[in-house]
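Please read the structure below before turning to the comments.
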Amino acid sequence: MSLDDQQITRLEALIEPLAIEAGLELVDIETTGTGRGTLLSVLIDKKGGVNVDDCADLSRQISYLLDVEDPIGHEYRLEVSSPGLFRKLKKDKDLVRHQGDRVKIKLTEPIEGEFTWVGQLASFDNQNLVLQEEGQSRDLVIERRLIKKINLEPKLF
Numbered sequence: 008m009s010l011d012d013q014q015i016t017r018l019e020a021l022i023e024p025l026a027i028e029a030g031l032e033l034v035d036i037e038t039t040g041t042g043r044g045t046l047l048s049v050l051i052d053k054k055g056g057v058n059v060d061d062c063a064d065l066s067r068q069i070s071y072l073l074d075v076e077d078p079i080g081h082e083y084r085l086e087v088s089s090p091g092l093f094r095k096l097k098k099d100k101d102l103v104r105h106q107g108d109r110v111k112i113k114l115t116e117p118i119e120g121e122f123t124w125v126g127q128l129a130s131f132d133n134q135n136l137v138l139q140e141e142g143q144s145r146d147l148v149i150e151r152r153l154i155k156k157i158n159l160e161p162k163l164f
């Protein structure tokens with residue numbers, strides 16, 4: 008049995024105070040697999056980035072709390088890590104933090120025949136996101152309802 012939105016919301020409510028107390032930001036909670044094969048991935052960050060000790064310390068705290076609260080109801084594996092270089096941008100606070108950064112946007116419907124766009128996140132509001140196209144002088148306005156996924160897309164030299 009996979010975790011539903013209500014269970015994820017409950018997990019966020021339990022885990023976020025632990026992260027904040029440790030000086031960390033709870034970026035996301037992801038689950039993959041079902042039943043005993045469920046992997047609970049807790050993604051954390053902080054200014055300057057997280058280290059192994061941050062992940063290990065928070066993992067111990069989360070493990071203890073989840074053993075007591077039992078919000079999942081079956082066996083699972085817990086993983087606490089950084090969201091990585093190519094992190095997903097899901098919330099408005101992610102977009103604010105990464106405004107001006109290089110992103111890759113995947114769409115549910117094509118714009119100008121393309122489902123994937125890469126460029127600099129110029130701005131956004133409730134309706135649209137503006138992408139400064141790479142190598143172009145124009146801005147591409149993308150309706151937020153068309154966005155399937157946004158990830159950071161740093162240039163690696």
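Convert by adding 7 to the 1-based position in the sequence shown; the result is the number in the working numbering. Cβ atoms here follow ideal geometry from the backbone N, Cα and C, with glycine treated the same way.
For residue i, the residue or residues it bridges with in DSSP
| i | result |
| --- | --- |
| Glu28 | Glu28 is not bridged to any residue. |
| Lys95 | Asn158 |
| Ile149 | Leu136 |
| Gly44 | According to DSSP, Gly44 bridges with nothing at all. |
| Ile51 | Leu33 |
| Val125 | Lys111 |
| Thr38 | Leu47 |
Proximity to residue i [Cα-Cα], best of the options
| i | options | result |
| --- | --- | --- |
| Phe93 | Ser66, Arg43, Arg109, Thr38 | Arg109 |
| Gly107 | Leu163, Gly30, Asp35, Leu159 | Leu159 |
| Lys53 | Lys95, Leu33, Gly42, Ala20 | Leu33 |
| Leu50 | Lys162, Leu72, Val59, Gln13 | Val59 |
| Ile36 | Gln14, Ile112, Gly42, Arg43 | Gln14 |
| Gly142 | Lys156, Ile27, Asp99, Trp124 | Trp124 |
| Glu82 | Leu21, Gly44, Leu102, Val103 | Gly44 |
| Ile112 | His105, Leu138, Lys98 | Leu138 |
| Leu72 | Ile22, Arg145, Leu128 | Ile22 |
| Ile149 | Asp101, Pro161, Ala129 | Ala129 |
Terminal residues of the beta strand (DSSP E) in which residue i lies
| i | result |
| --- | --- |
| Leu73 | Per DSSP, Leu73 belongs to no beta strand (DSSP E); it is in the alpha helix (DSSP H), 59-76. |
| Asn133 | No beta strand (DSSP E) contains Asn133, which DSSP labels as neither H nor E. |
| Thr115 | 109-118 |
| Leu85 | 84-88 |
CB-CB length for residue i against residue j, believed under 8 Å
| i | j | result |
| --- | --- | --- |
| Thr38 | Leu47 | 6 Å |
| Leu10 | Ile69 | Contact doesn't hold; Cβ gap of about 15 Å is too wide. |
Contacts around residue i, its chain only, beta-carbon distance under 8 Å, and the 5 residues preceding and following it disregarded
| i | result |
| --- | --- |
| Leu153 | Leu114, Thr115, Glu116, Ile118 |
| Arg151 | Phe131, Asn133, Gln134, Asn135, Leu136 |
| Asp61 | Ala29, Leu31, Ile51, Lys53 |
Cutoff 6 Å; reference residue i; Cβ partners in own chain excluding five residues on either side
| i | result |
| --- | --- |
| Glu140 | Gly126, Leu147 |
Chain-order list of residues whose beta-carbon lies under 7 Å from that of residue i (same chain, five-residue window excluded)
| i | result |
| --- | --- |
| Ser66 | Leu85, Val87 |
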